[in-house]
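Below: one structure, written as structure tokens.
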Amino acid sequence: MFRRPIFLYLISILFAVLIVSLIFSFIYKFKIKNYKLPPTTPIVVVVPSPTPDPLAPISILLMGYGGVGHDGGSLTDSIVLANIKPKEKKITLISIPRDLWVLVDDSQVEPLYSKINYAFPFGGGQKSKEIVSRITGISPDYFFAVDFAGFSKAVDQIGGIDLKITRPFIDNFYPLDIGATDSCGKTPEEITALEATLSGDRLDQQFSCRYEQLVFDVGTTHLNGITALKYARSRHSETSGGDFNRSDRQRQVVVAIRDKFLKLGIITKIIPIYQTIVAHTQTDLGINDIQKHIFKTGEYSRYSVESISLNDKNVLTQSFTPKGQSILMPKLGVEQYSEIQAYIASSSAISR
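The sequence shown stops at residue 333 when you use my numbering, and every number in between is there.
Laid out in structure tokens, this is it:
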């Protein structure tokens, strides 16, 4: 009956990939390497194989979803492709809006089109990787998804993050998790009348008890897990609201988490963070993948981070479905991604 609350809109899960790589490196070093197998007679089989390029780019599709207890909790409302370039010591974060209208499945008589955030519940990480590859021209090597609770707990376990806020904002309508269906003292008849005449934000504003006010002032501030989540999720500020301003804050949180994590004494934090991540993530990153590929911490701290946001100011345009649903689509048309791919390539080249 009511519009569902805003879920996790975080690209900050980039830090989780680093954590996982460190965890497995730690386990490998102190557990696997020290485990003595019974002596056996080795069988030597020579199989020629190409030598992997240690400086080859690696791409990881990062996704955030609401998780258990959230309406539509498997929708990936944060979708970011992290393209890691060891040769250039650079990470490019490509933000893909959740409202982008895409072809999800063409195996049936009638093709299925939907917002891209439905790809994950429809076909898991592989389906999401397939669609993101079509959009960006970059094929993700892996996917990594984390839910709302996992992010908040993990940020607390690293002692929070420090952010330099350059644009103050007030959000008077940040949704309370426990208030989504609160009648705010209104009768069923009054609610029915409001729903018949109002919609969207105007309807939401009639139920002020479902929301809290967020205030972020200019300056450096320390955020715990819950507050960092609110900073990244907020979308109703009159001066810094909307999905695209929110994406900017999400990328700011990514860098802050990376900086904080690199300052930590890793060993003392590995076990609790590992336990949190395992319970709240889905991924196709295996231990062998991590051992072969991902992040050397000494080098990672020197990587620059650039951000590319696909939005209606560059390669996308606002539109509506035949049923009146608000969506985003490429300016060239649905499933026409050549301009998007050229924009990503040129943006990456300019930032070098």
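Every residue, glycine too, gets a C-beta built ideally from N, C-alpha and C.
Please look up how many angstroms separate the CB atoms of residue i and residue j, rounded, as I've assumed it's under 8 Å.
i	j	result
I60	I72	Not confirmed; about 16 Å, so no contact.
L309	L297	5 Å
D80	S307	7 Å
D293	G106	Incorrect: roughly 27 Å between the Cβ atoms, too far for contact.
V117	Q322	Residue 117 is actually Thr in this sequence, not Val. Right, the Cβ-Cβ distance comes to about 6 Å (below 8 Å), so this counts as a contact.
T262	V136	Contact doesn't hold; Cβ gap of about 14 Å is too wide.
Which of the three DSSP states is assigned to residue i in this structure?
i	result
N64	strand
F150	strand
Y284	coil
Q194	strand
G166	coil
A126	strand
Q263	strand
Y324	helix
P35	coil
S114	helix
G131	helix
P353	A question about residue 353 goes unanswered here, because the residues of the chain that appear run from -18 up to 333.
P303	coil
N43	First, the residue type needs correcting, since residue 43 is Leu and not Asn in the sequence shown. The answer is strand: DSSP assigns L43 an E or B state.
D87	coil
Y318	coil
K211	helix
S109	helix
D158	coil
S189	helix
If you check the beta carbons only, do residue i and residue j fall under 7 Å apart?
i	j	result
V83	I41	no
P67	L43	no
G341	L210	A query on residue 341 cannot be resolved here, the shown segment of the chain reaching from -18 to 333 and no further.
K70	R283	yes
I151	I289	no
F124	K110	yes
S133	I39	no
H217	F129	no
D86	P149	no
G45	G54	no
N64	I139	no
L195	S215	yes
Y212	R230	yes
**OP:** Could you tell me whether the segment 310 to 320 touches the segment 100 to 114, where touching means 3 or more Cβ pairs closer than 8 Å?
**Re:** No, the segment 310 to 320 is not in contact with the segment 100 to 114.
Subject >> At least three beta-carbon pairs within less than 8 Å, the segment 175 to 190 to the segment 151 to 167 >> reply: Touching, per the Cβ criterion.
Original post:
Counting pairs of beta carbons, one from the segment 222 to 242 and one from the segment 139 to 157, are three or more of them closer than 8 Å?
Top reply: As far as the Cβ criterion goes, the segment 222 to 242 touches the segment 139 to 157, which means the pair count is three or higher.
**OP:** At 4 residues or longer, and completely inside the segment 213 to 244: list those alpha helix (DSSP H) runs for me, N to C.
**Re:** List check, alpha helix (DSSP H) in window: 223 to 244.
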